[in-house]
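Residue numbers (numbering that gives the first Met the number 0): 0 to 422. No residue lacks a Cβ here, since even glycine has one placed at the ideal position from N, Cα and C.
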Amino acid sequence: MNIIFKKDTWQEIYYSLRNNKLRTFLTMIGVGWGMFLYVSLLGAAKGMENGFDKLFSGFATNSIFLWAQKTSIPYEGFPKGREVHLNLNDMEMLKRKVTAIDYISPQNARGSFTGTPGEAMSRNGKNGTYSLTGDYSVGNKISEKKLIFGRYINDADVSGNKNVVVIGEEIYKNFFDAKKKENPIGKSINIKGLFFNVIGVFRVKKGGGFENDQTAFIPLSTYTKMYNAGEQIDMFAIVSKPNANVNSVEEDVKQVLKTKNKVSPEDTNAFGSFNLGKEFKKLTGFLTGMQLLTIIVGTLTILAGVIAISNILLITVKERTKEIGIRRALGAKPSEVRNQILLESVVITLSSGLLGFMSGIFVLMILNAVTQGQDSFPFYNPTVNYGNVFAAMAVMVILGLIIGMIPAQRAVKIRPIEALRTE
Numbered sequence: 000m001n002i003i004f005k006k007d008t009w010q011e012i013y014y015s016l017r018n019n020k021l022r023t024f025l026t027m028i029g030v031g032w033g034m035f036l037y038v039s040l041l042g043a044a045k046g047m048e049n050g051f052d053k054l055f056s057g058f059a060t061n062s063i064f065l066w067a068q069k070t071s072i073p074y075e076g077f078p079k080g081r082e083v084h085l086n087l088n089d090m091e092m093l094k095r096k097v098t099a100i101d102y103i104s105p106q107n108a109r110g111s112f113t114g115t116p117g118e119a120m121s122r123n124g125k126n127g128t129y130s131l132t133g134d135y136s137v138g139n140k141i142s143e144k145k146l147i148f149g150r151y152i153n154d155a156d157v158s159g160n161k162n163v164v165v166i167g168e169e170i171y172k173n174f175f176d177a178k179k180k181e182n183p184i185g186k187s188i189n190i191k192g193l194f195f196n197v198i199g200v201f202r203v204k205k206g207g208g209f210e211n212d213q214t215a216f217i218p219l220s221t222y223t224k225m226y227n228a229g230e231q232i233d234m235f236a237i238v239s240k241p242n243a244n245v246n247s248v249e250e251d252v253k254q255v256l257k258t259k260n261k262v263s264p265e266d267t268n269a270f271g272s273f274n275l276g277k278e279f280k281k282l283t284g285f286l287t288g289m290q291l292l293t294i295i296v297g298t299l300t301i302l303a304g305v306i307a308i309s310n311i312l313l314i315t316v317k318e319r320t321k322e323i324g325i326r327r328a329l330g331a332k333p334s335e336v337r338n339q340i341l342l343e344s345v346v347i348t349l350s351s352g353l354l355g356f357m358s359g360i361f362v363l364m365i366l367n368a369v370t371q372g373q374d375s376f377p378f379y380n381p382t383v384n385y386g387n388v389f390a391a392m393a394v395m396v397i398l399g400l401i402i403g404m405i406p407a408q409r410a411v412k413i414r415p416i417e418a419l420r421t422e
């Protein structure tokens with residue numbers, strides 16, 4: 000296609016587009032808008048996906064949180080409304096009977112999600128009431144803490160009933176000089192009349208996760224001793240094995256506990272749970288659907304724009320009938336006329352697509368700048384897969400060539416004598 004390398008070809012395209020500025024501009028809006036939607040919506044969907052990944056970072060997304068409630072169905076002589084309880088022995092039983100469990104952490108708590116009041120804490124005349132949770136070391140695998148000082152509870156702390164505590168950043172700011180970045184490790188705070196050595200400080204993302212930085216964590220064994228809780232447990236945090244179905248694990252765990260506590264298999268109220276794996280799967284399904292919808296909407300809009308380009312070129316061919324006739328009369332080959340029209344189609348398609356692409360990237364840059372540092376809004380680093388964009392551009396150009404064949408063939412069929420007679 001030597002026509003591409005001819006200066007005259009590009010001059011003719013330039014003058015043709017310049018002589019129909021408004022019409023060309025309005026036509027380009029269709030394709031440009033389609034590419035803009037494709038890029039901006041696809042990038043926004045990716046930004047939301049990244050935002051939720053960041054929000055759930057540190058959490059095992061195949062986890063289940065389970066607690067005991069009251070029965071709602073009479074069973075084996077027991078009335079409905081009977082309270083059931085979890086205990087430490089249940090943990091070993093569950094690990095033995097539900098083989099799809101990867102690990103399990105028992106927790107007891109005051110404040111937070113339990114509905115009970117928090118615990119009073121103090122240090123050097125400063126006081127506060129905060130949530131207090133007794134945990135195992137494995138609890139940090141389920142919900143990993145972002146430590147800014149020290150470490151989390153380990154197995155030796157639990158087995159030794161040690162008076163050690165990991166505190167949230169807000170508690171740290173209340174009891175220590177945060178402005179001077181005072182190191183709290185090894186220093187003590189008073190909890191329920193007992194002195195606890197601080198072994199760690201953690202920070203929670205603002206607006207994210209299921210915890211807050213007004214919580215303190217101590218070994219579960221120490222918590223049990225403090226509150227004389229015996230073997231009773233408030234909640235189990237359970238993580239399924241990577242390839243296991245988390246919904247099946249949840250159901251199996253509940254059935255094992257129902258059998259052990261003589262609860263009807265049909266009772267859905269005896270044990271409450273929050274299946275993070277199921278919710279996360281719903282979320283990823285929604286985001287995937289959003290990306291698919293974006294591709295469909297963008298593609299259809301681009302297609303509509305390309306069809307509009309064909310229409311504008313048909314009008315242009317009609318208006319340039321005499322000009323085309325003169326070129327034919329002077330010896331222009333039909334292929335040269337056809338290629339000229341096709342090249343105009345590609346130029347309009349590619350130019351408008353690039354403008355739409357750059358506009359979409361610009362909008363994503365603004366969105367990223369506006370949402371930067373706003374942890375409460377699940378949106379982070381909106382990006383587009385350039386492979387997908389280049390594929391869309393390639394499809395767009397191919398469509399432009401295919402649909403451009405309609406006005407191009409019409410131009411080729413123009414007979415020089417008839418064209419010269421056209422006013």
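* Presumed contact (8 Å Cβ cut-off) between Ile217 and Val164, rounded CB distance -> Contact between Ile217 and Val164 holds, with the beta-carbon distance rounding to 5 Å and staying under 8 Å.
* Asked: Among the residues of its own chain, which have a CB less than 8 Å from the CB of Ile402, if the five just before and after it don't count?
  -> Hits under 8 Å: Val305, Ile306, Ile308, Ser309, Ser344.
* Quick one: grab the DSSP three-state call for Ile402. => Residue state, collapsed to three classes: helix.
* Residues that DSSP places opposite Arg122 in a beta bridge -> Note: Arg122 sits in a beta bridge opposite Lys125.
* Do Val388 and Phe361 have their C-beta atoms closer together than 8 Å? -> Going by C-beta atoms, Val388 is not nearer than 8 Å to Phe361.
* DSSP three-state assignment for Gln408, whether helix, strand or coil -> Three-state DSSP puts Gln408 in a helix.
* Should the stretch 377 to 385 be regarded as contacting the stretch 43 to 51, the criterion being three or more beta carbon pairs within less than 8 Å? -> Taking 8 Å as the limit for Cβ pairs, the verdict is that the stretch 43 to 51 does touch the stretch 377 to 385.
* Measuring CB to CB, does Met234 end up less than 8 Å from Gln68? -> Met234 is not a Cβ neighbour of Gln68, given a cutoff of 8 Å.
* **Own chain partners of Asn139 with C-beta closer than 7 Å, once the 5 adjacent residues on each side are dropped** => If we look at Asn139 and ignore the five residues flanking it on each side, its Cβ neighbours are Tyr151.
* In chain order, what residues of the same chain have a beta carbon less than 7 Å from the beta carbon of Glu181, not counting five sequence neighbours either side? -> The beta carbon of Glu181 sits closer than 7 Å to the beta carbons of Phe175 from its chain, once the five residues preceding and following it are set aside; these are given in chain order.
* Asked: In the structure shown, what three-state DSSP assignment does Ala215 receive?
  -> Strand.
* Asp134 by DSSP, collapsed to three states: which one? -> Three-state DSSP puts Asp134 in a strand.
* To do: Would you kindly work out how many angstroms separate the C-alpha atoms of Met90 and Tyr102, rounded to a whole number?
  => When only Cα atoms are considered, Met90 and Tyr102 end up about 10 Å apart.
* Asked: Applying the criterion that 16 or more other CB atoms from any shown protein chain within 10 Å of the CB defines a buried residue, is Ala155 buried or exposed?
  -> With fewer than 16 Cβ atoms within 10 Å of its Cβ, Ala155 is classed as exposed.
* To do: Between the Cα of Ser272 and those of Thr128, Pro381, Met404, Leu85, spot the shortest distance and give me the residue it belongs to.
  => The shortest CA-to-CA distance from Ser272 to any of Thr128, Pro381, Met404, Leu85 is the one to Leu85.
* **Spatial neighbours of Leu40 in its chain, beta-carbon cut-off 6 Å, leaving aside the 5 residues before and after** => Only Thr293 meet the Cβ criterion.
* Asked: According to the Cβ coordinates, are Asn197 and Gly167 closer than 8 Å?
  -> Going by the sequence as given, residue 197 is Val instead of Asn. If you check the CB distance, Val197 and Gly167 do not come in under 8 Å.
* Cβ pair Ser358, Phe35 closer than 8 Å -> Remark: C-beta atoms of Ser358 and Phe35 approach each other more closely than 8 Å.
* Asked: In chain order, which beta strand (DSSP E) runs of at least 3 residues are fully inside the stretch 7 to 83?
  -> Within the stretch 7 to 83, the complete beta strand (DSSP E) runs of at least 3 residues are 62 to 67.
* Asked: Exposed or buried, which one is Glu118 when buried takes at least 16 other CB atoms within 10 Å?
  -> Classification for Glu118: buried.
* Do Trp32 and Thr298 have their C-beta atoms within less than 8 Å of each other? -> No, they are not a contact pair.
* **DSSP beta-bridge partners of Gln106** => Bridge pairing for Gln106: Met234 [DSSP].
* To do: Give a yes or no on contact between the stretch 121 to 134 and the stretch 264 to 271, applying the rule of three or more CB pairs nearer than 8 Å.
  => The stretch 121 to 134 vs the stretch 264 to 271: no contact.
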